[in-house]
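Asker:
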Amino acid sequence: MENYFEFDTKAKILSGDKALSRVAFELKIRGKNKPLVLSDRGLDKLGLVGTAIKNMGLKEYDTFFDVPVDSSTETVNTVTEKYKSSGCDCVIAVGGGSVIDTAKGVVLSLVSGVSDLGKIEGADAIVKVNDVLFIAVPTTAGTGSEMTSVAVIKDNIKGAKLEYISSFILPDVAVLDPEMTISLPPRITASTAIDALTHAIEAYTCLQKNPISDGFAIASIKLIFESLERVVNNPKDVEGRKALANAATIAGASFSNSMVGAVHSIGHSLGAVCSVAHGDAMAILLPHVMRLNKEKVGDLYGELLVFANPEKFVSTPKSERAEAFICEVEGLLERLNKSCGLATTLSATGKVKKENFDEIVTKAMNDGSAIVNPVPLSRERIIDILEKAL
Ligand SMILES: [Zn+2]
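Quick look at the structure:
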């Protein structure tokens, strides 16, 4: 890799108690009067979007709550049309990855003045013709989507998931209000936080790492080790919820500006071939991929031990710190398995069979994050990881 990097981050972060109540001020100073609020039916049913709208103090607004779990270019086009026809002047996404990705697609269409997202190719070459204020309110603490310049949206005509990468889809404001995540069940809290931990560990060790993404990754790892088990054992721990939300957001900024690695390339493939939930795939694969990568980036893993277990770092000789850090990660996953049922093997998901391996490997080799993994991936290496994870 060339000795050059870019670090692009944008969102003003409103984080902590009553963060949602600050949104009205942000709209006012930016001269915005009518947001389009995007969410999904599940969150609407839980009353979470209603709470967000009330706490943001929105008066005039329009809504679209029909974002599906796996969003598509058709959904994006429908929302874009609604935005224009109802005279909205900004976008607020309240939800998890799919809702925020849909909003990113809408913002990309509006910014570029295109009405069909499917017509946009090579998002990096887009010329901005409109300004669209984009506010993200995550309802999980994991994807970090509020800080990333990537959106994954299905194109039903092409029959493929398309990745849109553009700095124009970075949200302008990210709102981390503990009221949005306080009711997440322990198991989902665990798997989403492990996704964030994986973002941070892979960002810190992949071939495109840089000193600024390193700083964000370290801060995220420290927060997750300090807070995750506390929250899983006591879901109403507001301070812990805030820490996990901050951790997921800064891990998002980190990997959006470096990359992820083999945990994600194999994890994406497990999702596509066997419908394994993203966070579960991360939890299952992370220690095995770390053992593969240890020969190349063992020193970096060793450095991270101090943020996972400071006492252990002091008492462990330098040459043994990498393995000790991997053991800390494994220990955390095993304890989460016992306390909330987090899956730690492929068999535990009940979705993956040996006969799926061939397809999983082919897709993983073609995934964008495979090329920046510190140890080059091969079919044999991926099979080995899958067998160990079974
Ligand atoms: Zn992830």
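Take the sequence shown: its position 167, counted from the start at 1, is 156 in the numbering used here, and no numbers get skipped. Ideal Cβ positions, reconstructed from N, Cα and C, are used throughout, including at glycine.
Residue ranges of each alpha helix (DSSP H) run of no fewer than 4 residues wholly in the region 225 to 251, ordered along the chain?
Answerer: Complete alpha helix (DSSP H) runs here, min 4: 227 to 246.
Asker: If I'm right that residue 28 touches residue 83 with Cβ under 8 angstroms, what's the distance once you round it to whole angstroms?
Answerer: Yes, residue 28 and residue 83 are in contact; Cβ-Cβ is about 5 angstroms, under 8 angstroms.
Asker: Return yes when the Cβ of residue 105 is within less than 8 angstroms of the Cβ of residue 8, no when it is not.
Answerer: No, these two residues do not count as a Cβ contact at 8 angstroms.
Asker: Of all the options 310, 210, 273 and 272, which has the alpha carbon lying nearest to the alpha carbon of residue 290?
Answerer: Of the candidates 310, 210, 273 and 272, the one whose C-alpha sits nearest the C-alpha of residue 290 is 310.
Asker: Helix, strand or coil, according to DSSP, for residue 305 in the structure here?
Answerer: Correct three-state label for residue 305: coil.
Asker: Given this structure, state the Cα-to-Cα distance separating residue 41 from residue 14, to the nearest angstrom.
Answerer: Cα-Cα distance, rounded: 15 angstroms.
Asker: Note down the Cα distance separating residue 195 from residue 315, rounded to an integer number of angstroms.
Answerer: Whole-angstrom Cα-Cα distance: 16 angstroms.
Asker: Between the alpha carbons of residue 120 and residue 100, how many angstroms are there, rounded?
Answerer: In a straight line, the C-alpha of residue 120 is about 6 angstroms away from that of residue 100.
Asker: What is the residue span of the beta strand (DSSP E) that residue 143 lies within?
Answerer: Counting along the chain, the beta strand (DSSP E) containing residue 143 begins and ends at 139 to 144.
Asker: Within this structure, are the beta carbons of residue 278 and residue 374 separated by less than 8 angstroms?
Answerer: Cβ distance < 8 angstroms, so residue 278 and residue 374 count as in contact.
Asker: Which one of 339, 185 and 328 has the shortest CA to CA distance from residue 268?
Answerer: Residue 185 is the option with its Cα nearest to residue 268.
Asker: Excluding the 5 residues preceding and the 5 following residue 59 in the sequence, name in chain order all residues of the same chain whose CB lies nearer than 6 angstroms to its CB.
Answerer: The answer, listed in chain order, is 143.
Asker: Between residue 354 and ligand 1, is the CB less than 7 angstroms from at least one heavy atom?
Answerer: Residue 354 Cβ: outside cutoff for every heavy atom of ligand 1.
Asker: How far does the alpha helix (DSSP H) with residue 286 in it extend, from its first residue to its last?
Answerer: 267 to 297 is the extent of the alpha helix (DSSP H) around residue 286.
Asker: Could you spell out where the beta strand (DSSP E) holding residue 164 opens and where it closes?
Answerer: It spans 162 to 165 - the beta strand (DSSP E) in which residue 164 sits, taken as one unbroken run.
Asker: Would you report the Cα separation of residue 344 and residue 318, rounded to the nearest angstrom?
Answerer: Their backbone Cα atoms lie some 29 angstroms apart in a straight line.
Asker: State the Cα-Cα distance for the pair residue 2 and residue 10, rounded to the nearest angstrom.
Answerer: Rounded to whole angstroms, residue 2 to residue 10 spans 13 angstroms at the Cα level.
Asker: At what residues does the alpha helix (DSSP H) containing residue 175 begin and finish?
Answerer: Where residue 175 is concerned, the enclosing alpha helix (DSSP H) stretches over 175 to 194.
Asker: Hey, is residue 277 close to ligand 1, as in C-beta under 7 angstroms from one of its heavy atoms?
Answerer: Not so, every heavy atom of ligand 1 lies at least 7 angstroms from the Cβ.
Asker: Going by beta carbon distance, what residues of the same chain come within less than 6 angstroms of residue 239, once the five residues before and after it are set aside?
Answerer: Once the five neighbours on either side are set aside, the close Cβ partners of residue 239 are 205, 208 and 209.
Asker: Express the C-alpha separation of residue 110 and residue 380 in angstroms, rounding to a whole number.
Answerer: Any question about residue 380 goes unanswered here, given that the chain covers just -10 to 379.
Asker: In angstroms with no decimal places, state the Cα-to-Cα distance between residue 419 and residue 145.
Answerer: An answer regarding residue 419 cannot be provided, because it is not within the stretch -10 to 379 covered by the chain.
Asker: With a threshold of 7 angstroms (Cβ to nearest heavy atom), would residue 187 be considered close to ligand 1?
Answerer: At least one heavy atom of ligand 1 is nearer than 7 angstroms to the Cβ of residue 187, so yes.
Asker: For residue 184, verify whether its CB is less than 7 angstroms away from any heavy atom of ligand 1.
Answerer: Yes - ligand 1 has a heavy atom lying nearer than 7 angstroms to the Cβ of residue 184.
Asker: Taking only heavy atoms of ligand 1 into account, decide whether any of them is closer than 7 angstroms to the Cβ of residue 248.
Answerer: No, the Cβ of residue 248 stays beyond 7 angstroms of every heavy atom of ligand 1.
Asker: Residue 369 by DSSP, collapsed to three states: which one?
Answerer: It is helical.
Asker: With burial defined as no fewer than 16 other Cβ atoms inside 10 Å of the residue's Cβ, what is the status of residue 108: buried or exposed?
Answerer: So residue 108 ends up on the exposed side.
Asker: List the whole-angstrom C-beta distance separating residue 273 from residue 332, where the pair is believed to meet the contact cut-off of C-beta under 8 angstroms.
Answerer: Yes, residue 273 and residue 332 are in contact; Cβ-Cβ is about 6 angstroms, under 8 angstroms.
Asker: If I measure Cβ to Cβ from residue 25 and keep anything under 6 angstroms in the same chain, skipping five residues before and after, which residues do I get?
Answerer: These residues qualify, in order along the chain: 51, 72, 77 and 80.
Asker: Less than 8 angstroms between the CB atoms is what I'm expecting for residue 218 and residue 232, so what's the real figure, rounded?
Answerer: Residue 218 to residue 232, Cβ: 12 angstroms. No contact.
Asker: Using a Cβ-Cβ distance under 8 angstroms, would residue 140 count as near chain D?
Answerer: Annotation note: the requested chain D is absent from the structure, which comprises a single protein chain.
Asker: Do you know how far the Cα of residue 75 is from the Cα of residue 251?
Answerer: Roughly 44 angstroms between the two C-alpha positions.
Asker: Closer than 8 angstroms is the cut-off here; do at least three beta carbon pairs connect the region 360 to 370 with the region 291 to 309?
Answerer: Too few Cβ pairs lie closer than 8 angstroms, so no.
Asker: Just the C-alpha distance for residue 229 and residue 220, rounded to the nearest angstrom, thanks.
Answerer: Rounded to the nearest angstrom, the two C-alpha atoms are 6 angstroms apart.
Asker: If distances are taken between C-alpha atoms only, which option among 193, 201, 351 and 43 comes closest to residue 288?
Answerer: Comparing Cα positions, the closest option is 193.
Asker: With a threshold of 7 angstroms (Cβ to nearest heavy atom), would residue 271 be considered close to ligand 1?
Answerer: Within the cutoff, so yes.
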